[in-house]
Amino acid sequence: MSAHTIDTAPNAAYVNDQAAHWIQRRDFWSWGEAEQASLDAWLAESLANRIAFFRLDAAWSRTERLAALRSGLRRAAIAQDGIAKATIVKTAAAIVVVGAMMLSGFAYFSRPLATIYTTAIGEHKTIALSDGSRIELNTNTELSVGADSNRRVATLIRGEAYFQIRHDARHTFEVIAGDHRVTDIGTKFLVRSDRGTLEVALFEGRAQFDAPDGRVQSPILLMPGDRLVVADNLIRTTAATPEILANELGWRRGMLIFENAPLSAVAEEFNRYNRHKVVVADDDVANVRITASFRTSGTEDFKQLAQAMLGLRVSQVNGDMVISR
Amino acid sequence: MIETPDTGREGAELHPPGASVSAAEVMAWFVREVLPLEVILTHFLRQNRKNKSDVEDLRQEVYLRVCEAANKGIPENTKPFVFTTARNLLIDRVRKEQIVPIEVVSDLDEMKITNDTIGPERTAIARDELRRLQAAIDSLPPRCREVVILGRVEGLTGQEIAARLGVTHQTVSEHLANGIKALAETLHGEQLTLRRKM
Chain W
5 MSAHTIDTAP
15 NAAYVNDQAA
25 HWIQRRDFWS
35 WGEAEQASLD
45 AWLAESLANR
55 IAFFRLDAAW
65 SRTERLAALR
75 SGLRRAAIAQ
85 DGIAKATIVK
95 TAAAIVVVGA
105 MMLSGFAYFS
115 RPLATIYTTA
125 IGEHKTIALS
135 DGSRIELNTN
145 TELSVGADSN
155 RRVATLIRGE
165 AYFQIRHDAR
175 HTFEVIAGDH
185 RVTDIGTKFL
195 VRSDRGTLEV
205 ALFEGRAQFD
215 APDGRVQSPI
225 LLMPGDRLVV
235 ADNLIRTTAA
245 TPEILANELG
255 WRRGMLIFEN
265 APLSAVAEEF
275 NRYNRHKVVV
285 ADDDVANVRI
295 TASFRTSGTE
305 DFKQLAQAML
315 GLRVSQVNGD
325 MVISR
Chain A
424 MIETPDTGRE
434 GAELHPPGAS
444 VSAAEVMAWF
454 VREVLPLEVI
464 LTHFLRQNRK
474 NKSDVEDLRQ
484 EVYLRVCEAA
494 NKGIPENTKP
504 FVFTTARNLL
514 IDRVRKEQIV
524 PIEVVSDLDE
534 MKITNDTIGP
544 ERTAIARDEL
554 RRLQAAIDSL
564 PPRCREVVIL
574 GRVEGLTGQE
584 IAARLGVTHQ
594 TVSEHLANGI
604 KALAETLHGE
614 QLTLRRKM
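From first to last, the protein sequence lines stand for chains W and A.
According to my numbering, the residues represented by the first sequence are 5 to 329, in order.
According to my numbering, the residues represented by the second sequence are 424 to 621, in order.
Structure, rendered in structure tokens:
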């Protein structure tokens, strides 16, 4: 085996500068196959080049979130007036108790012919519909999409999906989740169905929420920033800040974002995305709260943090990660 | 598991001589497991080095050594591996320089502590990702920041930025490259920061 010495490492600042120039060329100037080929050649040249490039690119790709932040802020400024008004109305009618009638919503629908889309654990998929609408599926999700002459219907069988719907007054877009229905009125919204709890968050436009079987007596109009949660036959709507809503969409960029969240909730989120589970062993550990962001696959980062910063013990049991005092 | 940038693909297929792990796997491991340690590693190197100006070179050499080793097999435990490599490198340096600064030797004895503790200034910083990014952008020099915001947030091309600001393409390129470097320094430096709330 040939001995490989690295005594004469190239000047770090120089390589770093070259890598930064490659990234800005790729992202901001005309870029074709020839340019890609030169970059590939440069990367293949040395390990030092690859290290510098991937190190910079890992940080730089995180700044993609800034574009989302900025447009979110701009939207918020425009929508502020609307949100303020909506909040007052919503607080007045914050809790709507639904008359319980445990009937399945499916029976109430003659469902149009549908295509089924699924994602595996940890997978993320975007569906582009022919009408220009886009649906993004988060981890472990099953969704069917169909259309007939006067409506488009998506049924969330399980999991979570983000809808960006091209509005069409003659073909309403409906999302069915369990017994409930969200009808788009020109909208971007998130629907998540998880162990009996349904959550709808509205980012843009308007949407209407009801139950096909009439259990929700008067349909609820959702405004941007509204978050609606249905659990145990109780519907609650609250107004969320654009920042909190943006955090909820972290998964679209492969990120999990926690603000003052108990470790039990952090573990639960990781477990949606990974086959090897994070287990929080005892209650007082479960209640430790953190504010942090991770990649959805970042259980190793989480482990580092639990050990180094929270002083917790992490052990591997049958591939699962057990966190304890 | 990890998203490897498309651009690495070509180089990714290549196996360096004597290597049993693909270059792509090594880079994925590097981004996933080594980069998050950068904050502690930099802190460690800085603490153990009188000449602060060569910390960047030292860090690069640590990265090179661990990735070279990973070509032959991804290490089981990344963190101890990275820090043992860093310690050996520091000892090599001290030997080569033939002057043995007392401080370095004594600090090395305390390796165990520095290895596992993150400086208090780190633990105190509380940021969620967006605020962190915002702060990183804010810390750029004014002209550089303006160019990065136009490019990254407003989505302008290099050409459009140059026209908007009335500067040459080369100036735009320089600002963007400097911005990319500075953001990596800040963002990797804070990867593991959090606030503990009880």
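All C-beta atoms, glycine included, are put in the ideal place defined by N, C-alpha and C.
Restricting to Cα atoms, I'd like to know which of the options is closest to residue i.
i              : options                        : result
residue 152(W) : 118(W), 231(W), 33(W)          : 118(W)
residue 168(W) : 176(W), 190(W), 155(W)         : 190(W)
residue 42(W)  : 67(W), 249(W), 26(W)           : 26(W)
residue 147(W) : 63(W), 294(W), 164(W)          : 164(W)
residue 137(W) : 144(W), 162(W), 166(W), 145(W) : 166(W)
residue 468(A) : 483(A), 586(A), 597(A)         : 483(A)
residue 267(W) : 226(W), 314(W), 251(W)         : 314(W)
residue 126(W) : 237(W), 133(W), 132(W), 145(W) : 145(W)
residue 173(W) : 211(W), 195(W), 198(W)         : 211(W)
residue 319(W) : 305(W), 288(W), 293(W), 282(W) : 282(W)
residue 599(A) : 574(A), 590(A), 578(A), 583(A) : 574(A)
residue 149(W) : 323(W), 306(W), 122(W)         : 122(W)
residue 321(W) : 293(W), 225(W), 284(W), 175(W) : 284(W)
residue 558(A) : 470(A), 472(A), 606(A)         : 606(A)
residue 180(W) : 276(W), 143(W), 214(W), 253(W) : 214(W)
residue 15(W)  : 479(A), 589(A), 564(A)         : 479(A)
residue 61(W)  : 302(W), 21(W), 45(W), 273(W)   : 21(W)
residue 485(A) : 510(A), 597(A), 577(A)         : 510(A)
residue 193(W) : 57(W), 140(W), 155(W), 239(W)  : 140(W)
residue 677(A) : 563(A), 516(A), 579(A), 589(A) : Residue 677(A) cannot be examined here, being either before or after the span of chain A that is shown, 424 to 621.
residue 255(W) : 59(W), 44(W), 30(W), 129(W)    : 129(W)
residue 237(W) : 200(W), 278(W), 271(W)         : 200(W)
Roughly how far, in whole angstroms, is the beta-carbon of residue i from the beta-carbon of residue j, given that I think they are within contact range, below 8 Å?
i              : j              : result
residue 393(A) : residue 51(W)  : Any question about residue 393(A) goes unanswered here, given that chain A covers just 424 to 621.
residue 461(A) : residue 611(A) : 4 Å
residue 497(A) : residue 571(A) : The Cβ separation is near 34 Å, so there is no contact.
residue 581(A) : residue 32(W)  : 4 Å
residue 560(A) : residue 566(A) : So it is not a contact: roughly 13 Å between Cβ atoms.
residue 186(W) : residue 157(W) : So it is not a contact: roughly 11 Å between Cβ atoms.
residue 55(W)  : residue 556(A) : That pair is no contact at about 23 Å.
residue 227(W) : residue 280(W) : Not confirmed; about 40 Å, so no contact.
residue 184(W) : residue 206(W) : At roughly 14 Å, the Cβ-Cβ gap does not stay under 8 Å, so residue 184(W) and residue 206(W) are not in contact.
residue 229(W) : residue 250(W) : Incorrect: roughly 11 Å between the Cβ atoms, too far for contact.
residue 197(W) : residue 182(W) : 6 Å
residue 456(A) : residue 501(A) : 4 Å
residue 603(A) : residue 28(W)  : 6 Å
residue 481(A) : residue 512(A) : 6 Å
residue 219(W) : residue 264(W) : The pair is not a contact, with the Cβ atoms about 34 Å apart (cut-off 8 Å).
residue 143(W) : residue 276(W) : 5 Å
Give the interface partners of residue i over in chain A, defined as CB-CB distance under 7 Å, in chain order.
i             : result
residue 67(W) : 556, 575, 606
residue 27(W) : 603
Residues of chain W with CB under 7 Å from residue i, in chain order?
i              : result
residue 459(A) : 305, 308
residue 456(A) : 304
residue 610(A) : 63, 66
residue 453(A) : 55, 58
residue 593(A) : Here the premise fails: no neighbours, minimum Cβ distance about 11 Å.
Output, in chain order, the set of chain W residues within a Cβ distance shorter than 9 Å of residue i.
i              : result
residue 496(A) : Ordered by position in chain W, no residue passes the 9 Å Cβ test against residue 496(A), which lies about 13 Å from the chain.
residue 480(A) : 13, 15, 16, 17
residue 446(A) : 47, 48, 51, 54
Could you tell me which chain W residues have their CB closer than 8 Å to the CB of residue i, listed as they occur along the chain?
i              : result
residue 580(A) : 32, 33
residue 567(A) : Going along chain W, no residue has its Cβ under 8 Å from residue 567(A), so there is no contact; the nearest lies around 12 Å.
residue 563(A) : Within 8 Å Cβ-Cβ: nothing; residue 563(A) doesn't reach chain W, min ~11 Å.
residue 443(A) : Going along chain W, no residue has its Cβ under 8 Å from residue 443(A), so there is no contact; the nearest lies around 12 Å.
Using a cut-off of 9 Å between C-beta atoms, extract the partners of residue i located in chain A.
i              : result
residue 24(W)  : 599, 600, 601, 602, 603, 604, 607
residue 180(W) : Simply none; closest approach about 32 Å.
Mind listing the chain A neighbours of residue i? Cutoff is C-beta to C-beta under 8 Å, in chain order.
i             : result
residue 60(W) : 603, 604, 607
residue 64(W) : 603, 606, 607
residue 21(W) : 600, 604
May I ask whether a heavy atom of the ligand NAP can be found less than 7 Å away from the beta carbon of residue i?
i              : result
residue 607(A) : Among the components modelled here there is no ligand, and therefore nothing to report on the ligand NAP.
* Length at least 3, wholly inside the segment 277–306 of chain W: the beta strand (DSSP E) runs in chain order -> Listed in chain order, the complete beta strand (DSSP E) runs (minimum 3 residues) inside the segment 277–306 of chain W are 282–284, 293–299.
* Asked: Counting pairs of Cβ atoms below 8 Å between the segment 449–466 of chain A and the segment 505–518 of chain A, do you hit three or more?
  -> Output reads yes: the segment 505–518 of chain A touches the segment 449–466 of chain A.
* Are the segment 292–309 of chain W and the segment 256–268 of chain W in contact at 8 Å, needing three or more beta carbon pairs? -> These segments touch.
* Asked: Which parts of the segment 441–511 of chain A are runs of the alpha helix (DSSP H), unbroken and 4 residues or longer, counting only runs that do not cross its ends?
  -> Counting whole runs of 4 or more residues, the segment 441–511 of chain A contains the alpha helix (DSSP H) stretches 446–452, 461–470, 478–493.
* To do: List in chain order: all unbroken beta strand (DSSP E) runs of 3+ residues lying wholly within the segment 136–168 of chain W.
  => If we require 3 residues or more, the beta strand (DSSP E) runs fully inside the segment 136–168 of chain W come out as 138–141, 146–151, 155–168.
* What runs of the beta strand (DSSP E), each 3 residues or longer, lie entirely inside the segment 304–328 of chain W? -> For the segment 304–328 of chain W, whole beta strand (DSSP E) runs of length 3 or above, ordered along the chain, are 317–321, 324–328.
* Runs of beta strand (DSSP E) lying entirely within the segment 194–259 of chain W, each at least 3 residues, in chain order -> 201–214, 224–226, 230–235, 238–243, all fully within the segment 194–259 of chain W.
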